[in-house]
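Residues in the sequence shown are numbered from 131 upward in steps of one, following the numbering used here.
Take a look at the structure below.
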Amino acid sequence: MTHDELLDMRRRAESVSDFMRQGTLPGDRDRLDAEAITRDEDRLDGEAITALLRRHDALEAALQEIARGAANPSRLAEQAL
C-alpha cells in the first residue's frame, strides 16, 4: 500500500468519525456554516431595517409637529436624530 493510499484511508476514516460524532460530513459542515452566516446576515439586515424605520417614524413625527407650529424645529430635529 502506498503512502497516498494510506493518507486517503485516513481521510475517509476521519470523515466517518466526524459523521458519527457530529452527524455531518465534511461538505455538510461548509453548507451548514454558510447557512448560519446567511441567518446572521438576515438577522442583522432585519435589525438595520427596524432601526431605519424607527428613525423614519421619529423624523416624520417631528416634521408633523413643526408643520403644526407646536415645536422648535431645531430641537425636534436633534431629538429625532
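C-beta: ideal position from N, C-alpha, C; glycine also.
Alpha carbon of ALA192 to alpha carbon of ASP175, nearest angstrom: So the two alpha carbons sit approximately 26 Å from each other.
Under the three-state DSSP convention, the category THR132 falls into: coil
Length of the line joining the Cα atoms of ARG141 and ILE167: 27 Å
ALA200 in three-state terms, based on DSSP: Annotated three-state conformation of ALA200 is coil, per DSSP.
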